[in-house]
Amino acid sequence: MTSAFSAGGDHRSLPVPDGLEGMRLDQAVSRLFGLSRTAAAALVDAGDALVDGAARANSYKVKAGSWLEVTLPAPAAPPTVVPQAVPGLDVVYADDDIVVVDKPVGVAAHPSPGWTGPTVIGGLAGIGHRISTSGAAERQGVVHRLDVGTTGIMVVAKSEQAYTALKRAFKYREVEKRYHAVVQGHPDPSRGTIDAPIDRHPNHDYRWAVVSGGKPSITHYDTLEAFPAASLLDVRLETGRTHQIRVHFSSMRHPCVGDLTYGADPTLSARLKLSRQWLHARSLSFTHPGTGEEVTFVSDYPADLARALEILAD
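Counting from 1, one number per residue, gives the positions in the sequence shown under the UniProt record's numbering.
Structure (structure tokens):
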């Protein structure tokens, strides 16, 4: 069925497509307009999604051909980079092309909607590093990211040439990204590859999951040390999906220790005094975009992860 949108700002109207027959209203609105499930539900609750001229509950099952009228919220202003001091953000290496940092926990790679905490880009601006202007304004110079709760090595492009070269290198898997992770239990086999597609979790906006039809995702791992309750792994990413390591090991029933979002045991997390996942970007190897030389940067474990390892070993 062909959708026919009405003109008029943020007001949209269209018939419900045949493929959405029987779907919950909030799911249908999410699917049709590219909104998160939470945002779609809030829109329906506010009476901004009408079916055949009437407000309905989120659980209402839509019928193909019914007329859907939706008033979308005004787009949020794009986040901006605010130069600031970021305690614990360590510059490992810098030249005219790149800056390599050791990112502490609680710091995002770049500004994003809803995030009010410190960022790597803001921290670099705060100490005077000029970053490449390529990319969206809030993500200039960013060629890869680490989760807020993940520590370790991250590279940012300073020159336009470096941005282009590094983006290409990450895209074509020419960068070796190694992480260390402590996961619950003992993966069997102790060395292997997880090849499972990842996409957004069907029921939780903030989570990702192994989903049929998701983006191809490949994780290689090797056990470095086995403890009674957990294993220290060396992990090499072949792809770089959001939350990839956390999702893959959770799907194997070996979530990262401390990762309550993906099913970690809260009792073990408390015993190890962990308030986040035991996951650390240990090293990064790539061709320097300015010199053409192969370079490798390594990060030591931060205090909270090192302490958890000591407790596991006791």
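Note that the Cβ used here is the ideal one computed from N, Cα and C, for glycine as well.
Values in this document were obtained by computation on a predicted structure and should not be read as measured data.
query	result
Alpha-carbon spacing of residue 295 relative to residue 245, whole angstroms	24 Å
7 Å CB neighbourhood of residue 186 in its chain, flanking five on each side removed	226 and 231
Per-residue burial, residue 241 [other beta carbons within 10 Å of its own, 16 or more giving buried]	buried
Own chain partners of residue 31 with C-beta closer than 8 Å, once the 5 adjacent residues on each side are dropped	20 and 23
Three-way DSSP call (helix, strand, coil) for residue 43 in this model	helix
Test item: CB-CB of residue 276 and residue 105 under 7 Å	yes
Runs of alpha helix (DSSP H) lying entirely within the UniProt domain "Pseudouridine synthase RsuA/RluA-like" (97-251), each at least 4 residues, in chain order	120-126, 160-171 and 244-251
Delimiting residues of the alpha helix (DSSP H) encompassing residue 284	Counting along the chain, residue 284 falls outside any alpha helix (DSSP H), though it belongs to the beta strand (DSSP E) covering 279-287.
Residues bridged to residue 93 [DSSP beta-bridge criterion]	100
Residue environment, residue 221, which counts as buried when at least 16 other CB atoms sit within 10 Å	buried
Reduced DSSP secondary structure (H/G/I, E/B, other) of residue 14	strand
Cβ-based neighbour list, residue 55, same chain, cut-off 6 Å, excluding 5 preceding and 5 following	47
Where the alpha helix (DSSP H) containing residue 310 begins and where it ends	303-313
Proximal residues to residue 248 (C-beta, below 8 Å), its chain only, five neighbours per side dropped	194, 196, 198, 210, 217 and 219
Touch test, the segment 147-164 against the segment 281-289, Cβ-Cβ under 8 Å, three pairs minimum	yes
Assigned secondary structure, residue 38 (DSSP; H/G/I helix, E/B strand, else coil)	helix
Residues that residue 61 bridges to, as DSSP identifies them	24
Whole-angstrom distance between residue 80 and residue 261, CA atom to CA atom	28 Å
For residue 268, the first and last residue of its enclosing beta strand (DSSP E)	Looking at the DSSP string, residue 268 is not in any beta strand (DSSP E); the run it does join, the alpha helix (DSSP H), is 266-271.
Buried versus exposed, by CB contacts within 10 Å (16 or more), residue 102	buried
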